[in-house]
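Trainee:
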Amino acid sequence: MVRASSPGGDDASYTHPPVFESLLRKETSSVEQRATPENTRIHENESEQRMVQLLAHNQTLPVTLSSLQIHGAKNTRKSFLDPFFQPLVEDSRNVSYTLSDLLNEVGGAVSKLQKFDIFHPDIRVHLSQPAHLDPSTSPTDMDVSLRVREKSRFMLKTGTDLGNTEGSAYGTMLVRNIFGGAEFLSMNASAGTRTRSAYSAEFSTPINSDPNLRLSVDGLASSTHKPWASHEELLKGGGLRLNWAKENGDRFQVGYSSTWRQLTGLATTASPTVRGDAGDSAKSALTYLFQRDRRDNPMLPQSGYMVKTTTELAGWGFLGGDVGFSKSELEIAGAVPIPVPGFKGPSGISIGCGLRTGLLYPVPLSFGLSGASPSRLNDRFTLGGPTDVRGFSLGGLGPRDGTDALGGDVFAAGSVNMLLPLPRVGPDSPFRIQLFANGGRLVAMKNKTKSNKTALGQNMTASSVLNSMLSATKEVGTNLPSVSAGVGVVYAHPVARFELNFSLPLVTRQGEESRKGLQVGVGINFL
Numbered sequence: 001m002v003r004a005s006s007p008g009g010d011d012a013s014y015t016h017p018p019v020f021e022s023l024l025r026k027e028t029s030s031v032e033q034r035a036t037p038e039n040t041r042i043h044e045n046e047s048e049q050r051m052v053q054l055l056a057h058n059q060t061l062p063v064t065l066s067s068l069q070i071h072g073a074k075n076t077r078k079s080f081l082d083p084f085f086q087p088l089v090e091d092s093r094n095v096s097y098t099l100s101d102l103l104n105e106v107g108g109a110v111s112k113l114q115k116f117d118i119f120h121p122d123i124r125v126h127l128s129q130p131a132h133l134d135p136s137t138s139p140t141d142m143d144v145s146l147r148v149r150e151k152s153r154f155m156l157k158t159g160t161d162l163g164n165t166e167g168s169a170y171g172t173m174l175v176r177n178i179f180g181g182a183e184f185l186s187m188n189a190s191a192g193t194r195t196r197s198a199y200s201a202e203f204s205t206p207i208n209s210d211p212n213l214r215l216s217v218d219g220l221a222s223s224t225h226k227p228w229a230s231h232e233e234l235l236k237g238g239g240l241r242l243n244w245a246k247e248n249g250d251r252f253q254v255g256y257s258s259t260w261r262q263l264t265g266l267a268t269t270a271s272p273t274v275r276g277d278a279g280d281s282a283k284s285a286l287t288y289l290f291q292r293d294r295r296d297n298p299m300l301p302q303s304g305y306m307v308k309t310t311t312e313l314a315g316w317g318f319l320g321g322d323v324g325f326s327k328s329e330l331e332i333a334g335a336v337p338i339p340v341p342g343f344k345g346p347s348g349i350s351i352g353c354g355l356r357t358g359l360l361y362p363v364p365l366s367f368g369l370s371g372a373s374p375s376r377l378n379d380r381f382t383l384g385g386p387t388d389v390r391g392f393s394l395g396g397l398g399p400r401d402g403t404d405a406l407g408g409d410v411f412a413a414g415s416v417n418m419l420l421p422l423p424r425v426g427p428d429s430p431f432r433i434q435l436f437a438n439g440g441r442l443v444a445m446k447n448k449t450k451s452n453k454t455a456l457g458q459n460m461t462a463s464s465v466l467n468s469m470l471s472a473t474k475e476v477g478t479n480l481p482s483v484s485a486g487v488g489v490v491y492a493h494p495v496a497r498f499e500l501n502f503s504l505p506l507v508t509r510q511g512e513e514s515r516k517g518l519q520v521g522v523g524i525n526f527l
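Under UniProt numbering, the first residue of the sequence shown is numbered 1, with each subsequent residue one higher.
(1) Could you give the uninterrupted runs of the beta strand (DSSP E) lying entirely in the stretch 115-191, keeping only those of 3 residues or more?
(2) Exposed or buried, what is SER29 when buried is set at 16 or more other beta-carbons lying within 10 Å of its beta-carbon?
(3) If TYR97 and LEU146 are in contact, beta carbons under 8 Å, what's the gap, nearest whole angstrom?
(4) If LEU504 and GLY486 are in contact, beta carbons under 8 Å, what's the gap, nearest whole angstrom?
(5) Within the chosen definition, does the stretch 349-358 reach the stretch 322-337 through at least 3 CB pairs nearer than 8 Å?
(6) For THR382, collect the residues of the same chain with a Cβ closer than 6 Å to its Cβ; drop the 5 residues on either side in sequence, then sort them by chain order.
(7) Could you spell out where the alpha helix (DSSP H) holding MET469 opens and where it closes?
(8) Fully enclosed by the stretch 205-253, which beta strand (DSSP E) runs are 3 residues long or longer?
(9) If we require 3 or more residues per run, which beta strand (DSSP E) segments fall completely within the stretch 56-113?
(10) Cutting at 6 Å between CB atoms, please list the residues of its own chain near residue 536, excluding the five before and the five after it.
(11) Please state the DSSP three-state secondary structure of LYS446.
(12) Using the Cα positions of ASP210 and ALA198, report the straight-line distance between them to the nearest angstrom.
(13) Need the endpoints of the beta strand (DSSP E) that GLY352 sits in, please.
(14) How many Å lie between ALA73 and ASN243 at the Cα?
(15) Quick check: what's the CA-CA separation for PHE318 versus VAL465?
(16) Using the three-state DSSP reduction, which class does ASN525 fall into: helix, strand or coil?
(17) From ARG509 to GLN519, what does the alpha carbon distance come to, in whole angstroms?
(18) Going by DSSP, what residue range makes up the beta strand (DSSP E) through ASP280?
(19) Give the DSSP-derived three-state secondary structure of PRO505 in the structure shown.
(20) Return the CA-CA distance between residue 583 and LEU527, expressed in angstroms with no decimal places.
(21) Among residues of its own chain, excluding the 5 on either side of MET187, which ones have a beta-carbon nearer than 6 Å to its beta-carbon?
(22) Just list the residues that DSSP pairs SER375 with in beta bridges.
(23) What does the Cβ neighbour count give for HIS71, buried or exposed, with the cut at 16 atoms within 10 Å?
(24) Based on Cα-Cα distance, which residue from SER204, ASP379, ILE178 lies nearest to GLY278?
(25) On the three-state DSSP scale, how would you describe PRO298?
(26) Using three-state DSSP, classify PRO337 as helix, strand or coil.
(27) Thinking C-alpha only, which one of ALA372, VAL507, LYS157 is nearest LEU480?
(28) Rounded to the nearest angstrom, what separates SER373 and PRO272 at their Cα positions?
(29) If distances are taken between C-alpha atoms only, which option among ASP101, ALA109, ASN104, LEU103 comes closest to GLN86?
(30) Only counting the same chain, and skipping five residues up and downstream in sequence, which positions put a Cβ closer than 6 Å to that of TRP228?
(31) Pull up the distance between the alpha-carbon of ASP117 and that of MET299, whole angstroms please.
(32) Would you kindly check if the distance between the Cβ of ARG515 and the Cβ of GLY439 is under 8 Å?
(33) Whole angstroms are fine: how far does the CA of ARG441 sit from the CA of THR387?
(34) According to DSSP, simplified to helix, strand and coil, what is HIS16?
(35) Determine the direct distance from the alpha carbon of VAL389 to that of GLY219, and round the result to whole angstroms.
(36) Using alpha carbons as the reference points, say which of PRO139, VAL254, PRO83, PRO121 lies closest to SER128.
Quick look at the structure:
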């Protein structure tokens, strides 16, 4: 039997099995004699230690799970909780449990429950024996009672952000456990110097009470000023995504999105290429993401590795829309600790490296093999800035038309850095001194840069697309990349990573924009 009850339910009347009786009598009389908070805390610690010892000596005690009750889940549906605990009650009649097995099974179910983020982590488990007067019970029957505390259903957060040459104010509202099944509704609004306005909402729900399988529906509307390309981009759209994860931490996502885009607000100095891509476009795309992260700390990795791939297919065949392309990215990062002779434990010194590469391939809007359109400005890759290739301006790498960065179809970027603890602070501090060197190349397909007619939308044959892509890919790997090096300070906050770096460009290709001096970077994912 699995039963969920409100906080009013009290398990104080439960009769405990004989193996615990003498211990509990001693604890009860001891509590009555101790009144101060300090004595109570000491008593609780001693009681916990005695209970651990008692359980250790009775691990092989045969038990049968008779019932399981959950107290405190007043806003959570019983039908949502049953898949976690009902199988334990049903199986216990046919499986020979020991006390150790029972605790492991219940502990595993509790761990899954905590992944939903609707309860506080201090879920308490109580063991008791059914009343001796009940003729349906057996000497091995055991009742389990869980006491949970639900997290607040509403959360409102406001604040300001400063970084990546942008200042912004934001507000976030989160509604948790809406229908009692770990559903979440997140709504965000922000306004800033570069992102003029951004509004988004996402509703997500687990499938079959599985914490590793969630379905989400989202919508967005934003207006972003892009000074490196003399325009403003308006976005409106929505999407549907399925997220799942394996027990080893690997993450997967498949999704569909439909977005209306508009390039508007052109500056008076906007280049002909930017003016040619101005106006409306509609993107309908399927996406796939895979991520494996084995780093000890994603914000400040000292050891481990990470692999992430993303793939997007837009406009081809049944997808619709008026842009068609296949866009793929690969990111690899890793770090190794550096031991210091005579220093016990982690030294806090590590060497890390990262590699990112991507390719955008135009595809036809039908199932045929001809008529592929060149990529648009708002679909291409951009490279350069404080979160990827430091020492260069945002969008500072790659092809340009006058002062405008046009983006590219193929890119590769890499970095290597050394992290050192600050003097007299120690390796446990979230602060580090960083020494780094990074570089990258961003290349566009030759068709678009040599022929303005093609850039304005003239379709390309399949052979010309392939030849142009092979040429661009070869150029990335054979010519010298733009390179910079520097030193800085890193602060790893649980929410984001902050960097203040002094960068010195060492190699700058013709037309690209380097940036010597201080740069501030704020983000989650750094090269």
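Idealized CB from N, CA, C, for every residue including glycine. Source: prediction; values computed, not measured.
Mentor: Result, derived from the coordinates:
(1) Counting whole runs of 3 or more residues, the stretch 115-191 contains the beta strand (DSSP E) stretches 124-128, 141-147, 154-163, 166-176.
(2) For SER29, the predicted structure reports a pLDDT of 44, less than 50, and the residue's modelled location is therefore unreliable. A value from the coordinates is still provided. Under this definition SER29 is an exposed residue.
(3) That belief does not hold up - the Cβ atoms of TYR97 and LEU146 are roughly 17 Å apart, past 8 Å.
(4) LEU504 to GLY486, Cβ: 6 Å. Contact.
(5) yes
(6) GLY395, GLY407
(7) Bounds of the alpha helix (DSSP H) holding MET469 are 462-478.
(8) 210-226, 231-245
(9) 62-71
(10) The chain is shown only over 1 to 527; residue 536 falls outside these bounds and no answer can be derived.
(11) helix
(12) 31 Å
(13) 350-362
(14) 26 Å
(15) 21 Å
(16) Correct three-state label for ASN525: coil.
(17) C-alpha separation (whole angstroms): 20 Å.
(18) 279-293
(19) strand
(20) Outside the displayed span of the chain (1 to 527) sits residue 583, for which this structure offers no information.
(21) By the criterion of a C-beta distance shorter than 6 Å, MET187 is surrounded in its chain by MET173, ALA201, once the five residues flanking it on both sides are discounted.
(22) According to DSSP, SER375 bridges with nothing at all.
(23) buried
(24) Sequence check: residue 278 is Ala here, not Gly. Comparing Cα-Cα distances from ALA278 to each of SER204, ASP379, ILE178, the minimum goes to ASP379.
(25) coil
(26) strand
(27) VAL507
(28) 18 Å
(29) ALA109
(30) LEU394, GLY395, ALA405
(31) 21 Å
(32) no
(33) 15 Å
(34) Legend: pLDDT at HIS16 = 37, less than 50; position of this residue unreliable, value from coordinates given subsequently. Reduced to three states, the DSSP call for HIS16 is coil.
(35) 31 Å
(36) PRO139
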